[in-house]
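The structure appears below as structure tokens.
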Amino acid sequence: MDPPGAQASPSVGFLRWALPRLGLTWSGFRRVRRQVWRRIGRRLAELHLGGPDAYRVYLLSHPEEWAVLDSFCRIPISRFLRDRAVFDRLGEDILPVLAEQASHHGADRVRAWSAGCASGEEPYSLVLLWRFVIAARFPNIALEVLATDIDDALLSRAHAARYRRSSLREVPAAWRDAAFIRQADSFVLREEFRSAVEFRRADLRVERPDSTFDLILCRNVVCTYFDEPLQRRTLGALLALLRPGGAFVIGRNEHLPPGLPGLADWLPELGVFRRAPALVPCSSTPVEAPAWT
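Heads up: the sequence shown at position 185 corresponds to 184 in numbering that gives the first Met the number 0, and the numbers run straight through without jumps.
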């Protein structure tokens with residue numbers, strides 16, 4: 000439901016008109032509409048436009064401006080181990096099974112894709128989890144992560160791997176001390192933890208890697224902000240790159256569009272699904288839960 004008075008707002012009316020033309024859904028932007036509108040407001044000042052109606056006219060007469068508006072609709076919210084319950088189960092259940100499958104098929108690595116990686120916290124979280132929870136159990140299997148995002152500024156921050164303490168609040172102290180170098184009020188990830196991640200600029204709607212993956216994380220992007228037709232097209236293209244038995248992770252509060260083919264439940268309450276056919280069962284002793292303290 001919209002907040003009181005929201006429907007009468009000219010800015011809301013503009014967003015309700017513009018977002019569907021970008022393949023985006025108003026419901027995903029209700030709570031962040033002020034953030035988006037602040038960006039639009041700065042653009043109006045640059046263009047010397049008086050308000051939403053003037054910007055609507057400008058868009059209709061300047062088609063290239065839609066790409067600018069689209070850039071205002073990117074909402075990066077990230078931190079290390081965000082939604083810790085998801086990373087708990089990645090360490091306890093999902094990554095061990097994927098490593099076991101890789102070994103069963105004679106592979107020497109598990110390949111993951113962080114789609115919409117923002118400033119790098121998610122792919123680096125996978126590396127920390129692998130190093131501190133999984134690696135000792137599977138010494139002959141490596142983790143390799145591709146991380147993509149459309150925003151060059153966020154990718155630059157990801158390459159620098161410098162984060163404030165608030166971004167690391169879910170990281171166990173022992174992990175933080177082993178993996179990061181303290182520099183003034185920031186924490187810089189050590190190079191040995193960065194080398195497993197390749198960052199690449201890509202727009203999920205039109206660009207995909209030319210390889211396949213055992214694990215794809217696409218959290219809090221497609222199923223939150225894209226409208227259903229764009230969701231289906233984008234998810235279909237992503238799932239085509241997921242290997243049989245692989246894991247697909249969306250945000251724990253997100254929902255897949257109904258009837259999406261090719262996926263079965265794994266931990267649906269956490270937004271985790273798997274690509275058919277069924278997974279190769281893990282034959283050895285279950286891994287211990289991650290040591291978060």
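Built from N, CA and C at the ideal position, the CB exists for glycine as well. All figures in this text were calculated on a predicted structure; none of them were measured in a lab.
Bridge partners for residue i per DSSP, in chain order?
i           : result
residue 148 : 200
residue 187 : 161, 180
residue 212 : 241
residue 273 : 246, 263
residue 172 : In DSSP, residue 172 forms no bridge with anything.
residue 142 : 109
Determine the extent of the beta strand (DSSP E) in which residue i is found, giving its start and end residues.
i           : result
residue 243 : 241 to 248
I'd like the span of the alpha helix (DSSP H) that includes residue i, first residue to last.
i           : result
residue 36  : 32 to 46
residue 9   : 9 to 17
residue 221 : 221 to 224
residue 26  : 25 to 28
Compute the distance between the beta-carbons of residue i and residue j, then report whether it is under 9 Å.
i           : j           : result
residue 198 : residue 158 : yes
residue 109 : residue 196 : no
residue 215 : residue 111 : yes
residue 55  : residue 98  : no
residue 204 : residue 229 : yes
residue 189 : residue 178 : yes
residue 226 : residue 24  : yes
residue 88  : residue 266 : yes
residue 79  : residue 166 : yes
residue 150 : residue 62  : no
residue 242 : residue 270 : no
residue 246 : residue 274 : yes
residue 153 : residue 105 : no
residue 92  : residue 140 : no
residue 142 : residue 129 : yes
Smallest Cα separation from residue i: which of the options?
i           : options            : result
residue 116 : 260, 175, 221      : 221
residue 147 : 209, 31, 27, 80    : 209
residue 58  : 212, 235, 14       : 14
residue 65  : 27, 20, 52, 254    : 20
residue 207 : 194, 224, 232, 135 : 232
residue 28  : 141, 124, 73       : 73
residue 238 : 163, 114, 83, 149  : 114
residue 68  : 40, 84, 82         : 40
residue 240 : 37, 212, 134       : 212
residue 26  : 224, 176, 33, 49   : 224
residue 302 : 262, 124, 48       : Since the first and last residues shown for the chain are 0 and 292, residue 302 lies out of range.
residue 53  : 31, 33, 12         : 12
residue 202 : 122, 45, 70, 169   : 70
residue 169 : 181, 84, 135, 194  : 84
Any chance the CB of residue i is under 8 Å from a heavy atom of the ligand MG?
i          : result
residue 45 : Within the structure as shown, the ligand MG is missing, as the structure has no ligands at all.
At which residue ranges does the stretch 57 to 135 contain complete alpha helix (DSSP H) runs of 4 or more residues, listed in the order of the chain? 64 to 71, 83 to 88, 94 to 103, 120 to 128
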